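Here is the structure we will look at, set down as structure tokens.
Residue numbers (full-length UniProt numbering): 1 to 356.
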């Protein structure tokens with residue numbers, strides 16, 4: 001399996017860790033990291049060194065050990081280039097490749113490329129046995145862009161580990177609104193801070209906004225300070241999985257006002273914790289979150305609408321509990337057991353040719 005370093009706190013590494021941690025004993029998976037531990041923030045030199053090491057490891061593996069297939073996780077920009085090279089190496093040894101698309105901004109990346117670059121990418125990726133995507137909308141995009149066969153593109157939404165018990169959340173003195181993800185413009189964090197600033201004084205007093213994640217943490221803190229919201233908004237910075245679970249357990253509302261997404265793990269995890277979600281209809285999200293049923297949807301960048309959605313859930317405990325219960329039910333089928341069963345079916349079909 002080729003993909004992000006497992007120490008990175010991001011969606012791709014989360015999916016990989018779930019697969020590696022829960023894979024059946026008869027399935028032997030070797031993970032080869034293709035990125036630095038600090039991800040896209042690493043220096044060019046460190047990125048080249050890590051990729052060179054990954055290339056060498058893969059070459060040694062293919063030359064010395066039986067390898068049935070290679071599972072390649074990819075996203076936009078440099079990730080695509082790296083994975084094309086690694087994929088071509090695997091194909092040179094006649095080892096089938098399963099591609100796994102994650103990039104939330106892949107449409108922006110791909111449509112901005114010159115035609116010759118698009119042609120090379122689509123030519124290489126068409127050689128894959130399967131391309132795993134997160135939703136129907138992403139299947140439509142990749143199938144059309146790469147000119148893939150319909151049966152070559154398989155929808156497999158990200159998995160979620162459902163906690164066995166969740167809090168009742170029926171007696172809350174203070175409503176905790178939570179964001180988990182990369183702090184920055186793409187995830188709509190600055191919009192979220194400004195939307196919170198638009199709440200009435202009474203609503204600010206009875207609520208607290210908690211922002212967790214790496215990224216533009218300092219900029220977020222500066223915006224909070226400039227709006228004099230330090231008593232109501234806490235920027236927590238990066239957190240580990242245990243801290244994330246503790247945060248979601250004490251939360252009342254989860255908010256992810258992103259501009260671009262695949263199918264975000266943080267959203268799935270929040271829904272698994274029985275939280276009502278406020279999010280945007282981008283990527284695979286509108287195929288999972290139904291407005292008024294298991295969450296509230298607002299258009300990206302619409303700060304007044306985002307603020308109104310926050311007000312609605314702050315004021316209405318019954319709606320919070322109803323949406324949260326429906327949210328948890330909506331992701332129950334995305335449990336890790338079902339996910340691995342589907343993934344193993346894909347692996348098996350590559351080796352037997354039955355699935356396609």
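Note that CB positions come from ideal geometry on N, CA and C, so glycine has one too.
As the structure is a prediction and not an experimental result, all values here were calculated from the model.
Please work out which residues of its chain come closer than 8 Å, Cβ to Cβ, to residue 69, disregarding the five sequence neighbours upstream and downstream, and give them in chain order.
95, 96, 97, 98, 129, 347, 350 and 351
Out of 165, 35, 9 and 1, state which residue places its alpha-carbon closest to the alpha-carbon of residue 238.
9
Nearest neighbour of residue 2, chosen from 254, 20 and 32 [CA to CA]
32
At a cut of 8 Å, does the segment 164-174 reach the segment 304-312 through at least three beta carbon pairs?
no
Please identify the residue among 315, 217, 233 and 329 whose C-alpha is closest to the C-alpha of residue 270.
329
Using only CA atoms, which one of 23, 205, 295 and 134 lies nearest to residue 283?
134
Using the DSSP secondary-structure output, state which residues sit across from residue 92 in a beta bridge.
Residue 92 pairs with nothing; no bridge assigned.
Any contact of the segment 255-267 with the segment 166-185, i.e. 3+ C-beta pairs under 8 Å?
yes
When the Cβ atoms of the segment 318-329 are set against those of the segment 274-289, are three or more pairs found closer than 8 Å?
yes
For residue 175, which option in 57, 82 and 254 has the closest C-alpha, if you only look at C-alpha atoms?
254
May I ask you to verify whether the segment 181-196 touches the segment 227-235, counting CB pairs closer than 8 Å and requiring at least 3?
yes
In whole angstroms, what is the alpha-carbon distance linking residue 67 and residue 43?
32 Å
So what's residue 356 in DSSP terms, helix, strand or just coil?
At residue 356 the pLDDT is 46, less than 50, meaning the model places this residue with poor confidence and gives no usable figure here.
Option nearest residue 93 by Cα separation, candidates 147, 288, 304 and 63:
63
Apart from the five residues just before and just after residue 105, which ones in its own chain have a Cβ nearer than 6 Å to its Cβ?
76 and 260
Just reading off the beta strand (DSSP E) that residue 124 is part of, what are its end residues?
Where residue 124 is concerned, there is no enclosing beta strand (DSSP E), although the alpha helix (DSSP H) it sits in stretches over 115-125.
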